[in-house]
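FYI, in my numbering the residues of the sequence shown are 112 to 424.
Each remark here refers to the structure printed beneath this line.
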Amino acid sequence: MQITILAGGIGGAKFLRGVRAACPGDGLTAVVNTGDDVTLHGLRICPDLDSIMYTLGDGADDERGWGRKDESWRIKEELSTYGAEPSWFGLGDLDIATHLVRTRMLDAGYSLTDVTAALCERWRPGVRLLPMSDERCETHVVVDLDGARRAIHFQEWWIRHHAALPAQAFVQVGVDDALPAAGVLSAIGAADVVLLAPSNPVVSIGTILGVPGIRDAILATPAPVVGLSPIIGGAPVRGMADACLPAIGVEVSAEGVGCHYGSRKNGGLLDGWLIHHTDSAAVPGVTVREVALLMTDDAATAAMVRAALELAR
Ligand code: FO1
């Protein structure tokens, strides 16, 4: 069976571990958010692709959720000693090797898709990782800062400001010139099932859907589309979806996000919507099912995936 998953960073990575555990032998393709990508100190950094690659490749620091386990920060300390800004971004020594290889390959003309495949030769994630686009399509956040309204890079908003500055809007810089990466549209069109991971509906799933052609591919695919709610009991399990949803006028609830995604019967995305058993959600035109949605370990996540595939059937 071919399963295609739209996924973001930390939540997406955990979810993909469960998909891999629940579906051994199936063809698994993740379409990954690259809106968080950033160039710092001359290096091209792809946080969501790296979080997923490290997590599936058993190299991630599970506590932090991003970056490498057994990491050290000597270069970061040296950079701040030089006063080389930004000092707020946590660049680990081991992680820098990934960015050096990626940056060198991109500078040599390889696509981000090819670079990701090359890095995965080492990490063997067991899931094909596709960037949503090979073009730069960075998420910037419109905020009021020092008395002026301005757009700052998502990473600065997320890390330096802990998403505490109210987001007035999210802008995908470069999205008009972005195309889905090679393989993305066919991965959606030829899938037996499409899953929306319990990732941030705005800056992860929403960003992927913002790439011209991807939303239409979801609408057109013959495969059932099932989403899993990232909101449990009115709050995100992790991350800061509650700082993002108000900016697009969506209620921070399983029902709010489900209705935001909408039903494929009337131009939306979903056929099915999995919510946590403590929640309730009425999503017109969408079959809602209540399951345990806490990804406490791979077995729990695999059970969620099996429930989603059951709903898809
Ligand atoms: N998140 C933080 O909260 N602080 C950091 O210093 C930080 C550094 C970092 C470096 C590489 C990387 O791949 C991810 C990093 N993240 C950090 C996580 C990242 O900001 C977010 O996980 C994603 O962009 C959102 O999913």
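No residue lacks a Cβ here, since even glycine has one placed at the ideal position from N, Cα and C.
Looking at the ligand FO1, does it come within less than 6 Å of residue i, judged from the CB to the closest heavy atom?
i	result
Phe200	yes
Trp384	no
Trp177	yes
Ile207	no
Pro341	no
Asp161	yes
Gly120	yes
Trp184	no
Asp173	no
Trp268	no
Asp147	yes
Pro242	no
Pro357	no
Pro277	no
Pro158	yes
Can you tell me whether residue i is buried or exposed, with buried defined as 16 or more other CB within 10 angstroms of its CB?
i	result
Pro236	buried
Arg424	exposed
Met415	buried
Pro135	exposed
Asp181	exposed
Asp169	exposed
Pro158	buried
Ser244	buried
Gly345	exposed
Leu330	exposed
Ala278	buried
Asp382	buried
Ala208	exposed
Gly201	exposed
Pro309	buried
Asp408	exposed
Gly321	buried
Leu405	exposed
Met112	exposed
Pro242	buried
Asp257	exposed
Taking just the CA atoms, how far does residue j sit from residue i?
i	j	result
Pro312	Val368	7 Å
Ala133	Cys231	21 Å
Ala393	Val282	30 Å
Thr412	Trp234	21 Å
Ala410	Gly129	7 Å
Asp327	Ala195	43 Å
Asp303	Val399	20 Å
Thr445	Leu422	This structure does not reach residue 445, given that the chain is present from 112 up to 424, and the question cannot be answered.
Glu188	Leu151	15 Å
Ser191	Val149	19 Å
Ile186	Trp177	18 Å
Ala358	Asp225	34 Å
Ala229	Arg239	11 Å
Gly324	Tyr193	44 Å
Thr204	Glu249	It should be noted that the sequence gives Asp, not Thr, for residue 204. Answer to the nearest angstrom: the Cα atoms are 24 Å apart.
His387	Thr140	25 Å
Leu356	Val348	14 Å
Ala103	His210	In this structure the chain extends from 112 to 424, so residue 103 is not present and cannot be described.
Leu296	Leu307	15 Å
Val126	Ser340	Correcting the residue identity first, residue 126 is Phe in this sequence and not Val. Cα to Cα, the separation comes out at about 12 Å.
Ala275	Val402	31 Å
Ile299	Gly379	15 Å
Leu385	Ala292	28 Å
Val363	Val305	24 Å
Pro395	Arg417	23 Å
Val397	Val212	44 Å
Counting Cβ pairs closer than 8 Å, one from the stretch 279 to 288 and one from the stretch 213 to 222, do we hit at least three? Because the criterion of three Cβ pairs below 8 Å is not met, the stretch 279 to 288 and the stretch 213 to 222 do not touch.
Original post:
Is the stretch 113 to 128 touching the stretch 299 to 316, taking contact as three or more C-beta pairs under 8 Å?
Top reply: Contact holds: three or more Cβ-Cβ distances are below 8 Å.
Report yes or no: do three or more beta-carbon pairs, one from the stretch 160 to 179 and one from the stretch 244 to 254, lie closer than 8 Å? These segments do not touch.
Requested in this report: Could you tell me whether the stretch 371 to 391 touches the stretch 329 to 346, where touching means 3 or more Cβ pairs closer than 8 Å?
Outcome: Yes, since at least three Cβ pairs between the stretch 371 to 391 and the stretch 329 to 346 fall closer than 8 Å, the two stretches touch.
*Can you list the alpha helix (DSSP H) stretches of 4 or more residues lying completely in the stretch 129 to 179, in chain order?*
If we require 4 residues or more, the alpha helix (DSSP H) runs fully inside the stretch 129 to 179 come out as 158 to 167.
(request) Could you tell me whether the stretch 195 to 210 touches the stretch 259 to 277, where touching means 3 or more Cβ pairs closer than 8 Å? (result) The stretch 195 to 210 is in contact with the stretch 259 to 277.
- Jot down the residue ranges of each uninterrupted beta strand (DSSP E) in the stretch 212 to 253, minimum 3 residues, whole runs only, in chain order. Counting only runs of 3 or more, we get 239 to 242.
Please list the segments of the alpha helix (DSSP H) lying wholly inside the stretch 353 to 398, counting only runs of 4 or more residues, in order along the chain. You should have 365 to 372.
> Where are the alpha helix (DSSP H) runs, 4 residues long or more, that stay fully inside the stretch 253 to 309, in chain order?
Replying inline: Counting only unbroken stretches of 4 or more residues, the alpha helix (DSSP H) elements lying wholly within the stretch 253 to 309 are 295 to 300, in sequence order.
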